[in-house]
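In our numbering, the protein residues as written are 5 to 320.
Data first, discussion second: the structure below is written as C-alpha cells.
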Ligand SMILES: Nc1ncnc2c1ncn2[C@@H]1O[C@H](COP(=O)(O)OP(=O)(O)OP(=O)(O)O)[C@@H](O)[C@H]1O
Ligand SMILES: [Mg+2]
C-alpha cells in the first residue's frame, strides 16, 4: 500500500485527543467533525475496497448463508448435507415452477474444488404487480406489523408495500417450515430466509428432476395405503403441535421415491387459537381425502382421520 494512502486506521491515528486540536487547544467545531467521522471512514473504506475488487465467484453468486442472521437459518442440528462453508457459491440451474404467488428455482450450493454440493429449492415470493393477492386480505388482517410505515404501504399496495408483503409471506413460510420440521413432520428442511427468498431442501432426484406432485400419481392399492399412512402420521404430528396445513391438496404434496412431503405452508393454521381452526382442519382432510377416495380409499376413513386429528389437537 502506498505510504500516503488513507485508510480508516491511519485517519484515526492522525486525529488529535478528544476535543483538542493539533496544538492541544480546544478545537472549535470539533464535535461536528466527530459526527462526520464515521461517514468519512466508511467512504474511505469504500474507495479502498472498490480498488481491490473481490474476484468473481465460479457460480452466479457467493453463498448467501452468512447473510442470513442466526434466526433466519434452519433449525439445529443442521442436516449433514447442508453446505455452510463461506467459500461456497450458488449456481442457478433453472426454474422449477412459476406459481401464483411465487416462483421456485433450482439452485446448487457447492464448494469449488471439493466435490461438496447440495441442491436447494429457492422459493421467491413475487413483489410485482403480477402477483395475485388472493391469500393476503384474510391473512394479513389482524397481523400487526410494528412499523406503521410498513402498515400504510401494505394498505396502499405501493411498491414498497408489495415488497413488504412478499417478505412477510416468505418469513411466514420459513417460520412454519421450521416449526413443522422441528415437530417431526415430513416437510422440506428450511435452509434459510433472506428477504423475499426462502431456500429449502430440494425434494427430487440428484439430477435436478423435482419430485412429482401427489396429483400426478396413479398408485397401486398398496402404494395408496402407504401414502395414506404417511399422510396420517405427518398430519397427526402437526395436530399434536396444534396446527393444520391450511391449504392442503394433492398439489401441495410431493412424493419422492415413495416418500411423502407437504409443501407450500405459509398459511398454517393454529387449530386451537384460531376460532375457525376446526373447520380449516376438516377442510384440509376433506380436500386431500377426496384425491385418496378417487384413487380407491373408502370414504369412512377420511372421516375417521379428521376425528383422530381433532383428538390429537385436543379439540372436542
Ligand atoms: N422443496 C421443493 N423441492 C422440489 N420442488 C419444489 C419444492 N418446493 C416447491 N417445489 C415445486 O414448486 C411448485 C410450487 O411450489 P409451492 O406450491 O410451494 O408454490 P406456490 O406459489 O403456492 O405454487 P402454486 O400456485 O403452484 O401452488 C411445487 O408444486 C413443486 O413442483
Ligand atoms: Mg402450491
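Cβ coordinates follow ideal geometry from the N, Cα and C atoms, glycine included.
Note that the structure is predicted; figures quoted are calculated from it, not measured.
(request) Could you tell me whether any non-hydrogen atom of ligand 1 is closer than 7 Å to the CB of residue 236? (result) Every heavy atom of ligand 1 is 7 Å or more from the Cβ of residue 236, so no.
(message) At a threshold of 7 Å, does residue 208 count as lining ligand 2 (C-beta to nearest heavy atom)?
(response) no
(request) Count the other CB atoms, across all protein chains shown, that sit within 10 Å of the CB of residue 182; report buried if there are 16 or more and exposed otherwise. (result) buried
(request) State yes or no: is the C-beta of residue 250 nearer than 7 Å to some heavy atom of ligand 2? (result) no
(message) When you compare the CB positions of residue 63 and residue 95, do they come within less than 8 Å of one another, or not?
(response) yes
(request) Flag this pair as touching only if the stretch 225-244 and the stretch 306-320 have three or more C-beta atom pairs under 8 Å; answer yes or no. (result) Output reads yes: the stretch 306-320 touches the stretch 225-244.
(message) Considering only the alpha carbon of each residue, which of 212, 187, 214 lies closest to residue 80?
(response) Restricting attention to 212, 187, 214, the CA atom closest to the CA of residue 80 is found in 187.
(request) Look at residue 208 and residue 97 and say whether their C-beta atoms are less than 8 Å apart. (result) no
(request) Could you check if residue 293 is buried or exposed, using at least 16 other CB atoms within 10 Å of its CB as the buried criterion? (result) buried
(request) Consult DSSP for residue 238 and reduce its assignment to one of helix, strand or coil. (result) helix
(request) Would you identify the three-state DSSP class for residue 227, choosing helix, strand or coil? (result) helix
(message) Distance check for residue 125 and residue 108, CA to CA, integer angstroms please.
(response) 6 Å
(message) Can you check which of these residues, 226, 318, 99, is closest to residue 248 by C-alpha distance?
(response) The candidate whose alpha carbon is nearest that of residue 248 is 318.
(request) Could you tell me whether the stretch 112-121 touches the stretch 261-273, using the rule of 3 or more Cβ pairs below 8 Å? (result) no
(message) Whether or not the stretch 192-207 and the stretch 64-75 are in contact is what I'm after, with contact meaning three or more pairs of Cβ atoms, one per stretch, closer than 8 Å; do they touch?
(response) yes
(request) Report buried or exposed for residue 219, applying the criterion of at least 16 other Cβ atoms within 10 angstroms of its Cβ. (result) Result: exposed.
(request) On a CA-only basis, which of 210, 254, 185, 214 is nearest residue 231? Give me that one, please. (result) 254
(request) May I have all residues whose beta carbon comes closer than 5 Å to any heavy atom of ligand 2, sorted in chain order? (result) Every residue passing the under-5 Å Cβ criterion appears here: 256, 268.
(message) According to DSSP, is residue 147 part of a helix, a strand, or is it coil?
(response) Confidence at residue 147 is low in this model, with a pLDDT of 48, below 50, so the placement of that residue should be treated as unreliable; the coordinate-derived value is given next. The answer is coil: DSSP assigns residue 147 none of H, G, I, E or B.
(request) Please state whether DSSP places residue 127 in a helix, a strand or coil. (result) DSSP, reduced to helix, strand and coil, places residue 127 within a strand of the structure shown.
(message) Whole angstroms are fine: how far does the CA of residue 127 sit from the CA of residue 100?
(response) Each residue's Cα considered, the two are about 10 Å apart.
(message) What does DSSP give as the partner residue(s) for residue 214 in the beta ladder?
(response) 208
(message) Under 7 Å: does the beta carbon of residue 106 sit that close to some heavy atom of ligand 1?
(response) yes
(request) Might you give, ordered along the chain, the residues of its own chain that have their beta carbon closer than 6 Å to the beta carbon of residue 304, omitting 5 neighbours on each side? (result) none
(request) Just the C-alpha distance for residue 284 and residue 175, rounded to the nearest angstrom, thanks. (result) 22 Å
(request) Output yes or no for whether 8 Å exceeds the beta carbon distance between residue 130 and residue 168. (result) no
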